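**Q** Per my numbering, residue -2 is the first one in the sequence shown, and the count goes up by one each step. Below: one structure in structure tokens.
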Amino acid sequence: MNKPSRAFAKPLRELVGKVVGEAFMRQGFASAELVTRWSEIVGTEIAAHSEPIKIQWPRGTGQQIRSPGILVLRVEGPAAIEIQHLGAVICERVNRFFGWRAVERLAFRQSPLRRSAEQPRRRNDGSAALQLAATMPEIADEELRQALGRLLAGLKNG
-2 MNKPSRAFAK PLRELVGKVV GEAFMRQGFA SAELVTRWSE IVGTEIAAHS
48 EPIKIQWPRG TGQQIRSPGI LVLRVEGPAA IEIQHLGAVI CERVNRFFGW
98 RAVERLAFRQ SPLRRSAEQP RRRNDGSAAL QLAATMPEIA DEELRQALGR
148 LLAGLKNG
């Protein structure tokens, strides 16, 4: 009598990889690595103020025809103009990552970035602002001195 073979559970990475891969394909991404390795691809300075949303491919292009698409980026408001000026650099780095001319140009959506858990927002410490304000005795107006102390503390934390 043969014993039925015991079915082992599939590793979670196999199941999750398929689901995540399908979600990224719906957004036009050829691979999830463009999102997960964004800071490596474009550099930390650019990645700090932008993140990829999707790639819009031209209509009628299948997998065989590789026409370049439009990479849609979410950018923070104040950095949008700088990211726009770096568009050619971003396209070149993304295309180098893919190994072919995947992206022709960029489109921007201005909105706050979705910060990951490893990048918490720093809180402005009131005691640091008071210490900095105390270093400016030549400023007679107390409110102005306190405001400058808060501004300097924010610049040092940011």
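The beta carbon of each residue, even a glycine, is placed where N, CA and C say it ideally should be. All values derive from a computational prediction rather than experimental measurement.
1. Cα separation between Ala45 and Val100?
2. Where Cys88 and Arg102 are concerned, what is the direct C-alpha to C-alpha distance, given to the nearest angstrom?
3. What do you reckon, are the CB atoms on Val72 and Pro49 nearer than 7 Å?
4. Using CA atoms only, rank isn't needed, just tell me which of Pro109, Val91, Glu37 and Ala104 is closest to Ile67.
5. With a threshold of 7 Å between beta carbons, is Arg102 in contact with chain B?
6. So the candidates are Glu139, Val39, Gly123 and Met133; which of them puts its Cα closest to the Cα of Gly151?
7. Answer yes or no: do Val69 and Lys51 have a C-beta to C-beta separation smaller than 7 Å?
8. According to DSSP, is Pro109 helix, strand or coil?
9. Ala125 and Arg142 look like a contact to me (Cβ under 8 Å); what is the Cβ gap, rounded to whole Å?
10. Write down the C-beta distance between Ser47 and Pro55 rounded to the nearest angstrom, noting that I regard them as a contact closer than 8 Å.
11. Let me confirm a value: Ile78 is counted as buried when at least 16 other C-beta atoms fall within 10 Å, else exposed. Which label applies?
12. Ordered along the chain, which non-local residues of its own chain (more than five positions away) have a Cβ less than 7 Å from that of Gly146?
13. Leaving out five residues before and five after Ala76 in sequence, what residues of the same chain have Cβ atoms less than 6 Å from its Cβ?
14. Quick check: the Cα distance between Ser36 and Ile43, rounded to an integer number of angstroms?
15. When you compare only the Cα positions, how much space is there between Gln53 and Thr41?
**A** From the atom records:
1. The residue you call residue 45 lines up with position 48 of the sequence shown. The residue you call residue 100 lines up with position 103 of the sequence shown. A direct Cα-Cα distance of roughly 21 Å separates Ala45 from Val100.
2. Your numbering for residue 88 matches position 91 in the sequence shown. Your numbering for residue 102 matches position 105 in the sequence shown. Separation of Cys88 and Arg102 (C-alpha to C-alpha, rounded to the nearest whole angstrom) is 7 Å.
3. Locating residue 72 in the sequence shown gives position 75, where the first residue counts as 1. Locating residue 49 in the sequence shown gives position 52, where the first residue counts as 1. In this structure, the beta-carbon distance from Val72 to Pro49 does not fall below 7 Å.
4. Here residue 67 corresponds to residue number 70 of the sequence shown, with the count starting at 1. The option with the nearest alpha carbon to Ile67 is Ala104.
5. Among the chains of the structure shown, chain B does not appear; only one protein chain is present.
6. Here the question's residue 151 lines up with position 154 in the sequence shown. The residue with the shortest Cα to Cα distance from Gly151 is Gly123.
7. Position 72 of the sequence shown, counted from the start, is the residue given in the question as residue 69. Position 54 of the sequence shown, counted from the start, is the residue given in the question as residue 51. When the beta-carbon positions are compared, Val69 and Lys51 come within less than 7 Å of each other.
8. As a first step, residue 109 is located in the sequence shown; it is residue number 112 there, counting from the start. Three-state DSSP puts Pro109 in coil, outside helix and strand.
9. Locating residue 125 in the sequence shown gives position 128, where the first residue counts as 1. Locating residue 142 in the sequence shown gives position 145, where the first residue counts as 1. Incorrect: roughly 14 Å between the Cβ atoms, too far for contact.
10. To locate residue 47, count along the sequence shown from 1; it is residue 50. To locate residue 55, count along the sequence shown from 1; it is residue 58. Wrong, their Cβ atoms sit about 23 Å apart, outside the cutoff.
11. Taking the first residue of the sequence shown as position 1, residue 78 is located at position 81. Around the beta carbon of Ile78, a 10 Å sphere encloses fewer than 16 other beta carbons of the protein chains shown; the residue is thus reported as exposed.
12. The residue you call residue 146 lines up with position 149 of the sequence shown. So the list reads Ala126, Leu127, Leu129 and Ala130, once near-sequence residues are dropped.
13. By 1-based counting over the sequence shown, the position of residue 76 is 79. Taken in chain order, the residues that qualify are His46.
14. Within the sequence shown, residue 36 is the residue found at index 39, counting from 1. Within the sequence shown, residue 43 is the residue found at index 46, counting from 1. Each residue's Cα considered, the two are about 7 Å apart.
15. On the sequence shown, residue 53 is found 56 positions in, with the first residue counted as 1. On the sequence shown, residue 41 is found 44 positions in, with the first residue counted as 1. For Gln53 and Thr41, the gap between their C-alpha atoms comes out near 24 Å.
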